[in-house]
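Here the structure is laid out as structure tokens; the discussion comes afterwards.
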Amino acid sequence: MAAEKQDSKTLLLMGLLALWLAVYGYSIIYYLTTGDKTAATLPGLSRVAGFMGWQGVAGMIAFACWGIGWGFPKGSGVRRISAVPLGMALALVLALLGLAVFGG
360 MAAEKQDSKT LLLMGLLALW LAVYGYSIIY YLTTGDKTAA TLPGLSRVAG FMGWQGVAGM
420 IAFACWGIGW GFPKGSGVRR ISAVPLGMAL ALVLALLGLA VFGG
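All the letters of the sequence shown, read from the start, carry residue numbers 360 to 463 under the working numbering.
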């Protein structure tokens, strides 16, 4: 019974990781392929807003992956992998803060 519960948690985590990767990748594709739709805003603002929106969705999924990863034994590879999406989300936030503070 315990092995079945562990297997279902692993399957859920792998599904969430795949979903996170798809959303993260789509945010980059959205930024690269979407043109400006409104002339009333600053150039490129609609692309950035869409990118940040999809990154927000990816960040929420990353937080869910990290939360599920806590159920695995400490130091296991699955637990380490579950923290990668959250680390990438935090790196993006730090990069944007650095850009805002130090100017780009």
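Think of the CB as a built atom: it goes at the ideal place given N, C-alpha and C, for glycine as much as any other residue.
Asked: With DSSP run on the structure shown, which of helix, strand or coil describes S367?; Found: helix
Asked: Flag this pair as yes or no: are the beta carbons of L380 and I427 separated by less than 9 Å?; Found: no
Asked: How about I440 and L378: are their beta carbons less than 9 Å apart?; Found: no
Asked: Taking Cβ to Cβ, would you say F410 is nearer than 9 Å to I387?; Found: yes
Asked: Extract the residue ranges of the alpha helix (DSSP H) inside the region 374-450, only unbroken runs of 4 or more that lie entirely within it.; Found: 404-428, 436-441
Asked: So with Cβ pairs under 9 Å, would you call G426 a contact of chain D?; Found: In the structure shown, chain D cannot be found, because there is only a single protein chain.
Asked: Say the cut is 8 Å; is the CB of G384 nearer than that to a heavy atom of the ligand SAM?; Found: Among the ligands in the structure shown, none appear at all, so the ligand SAM cannot be discussed.
Asked: For G462, which of helix, strand or coil comes out of DSSP?; Found: coil
Asked: Which value, in whole angstroms, describes the spacing of the CA atoms of R438 and K368?; Found: 12 Å
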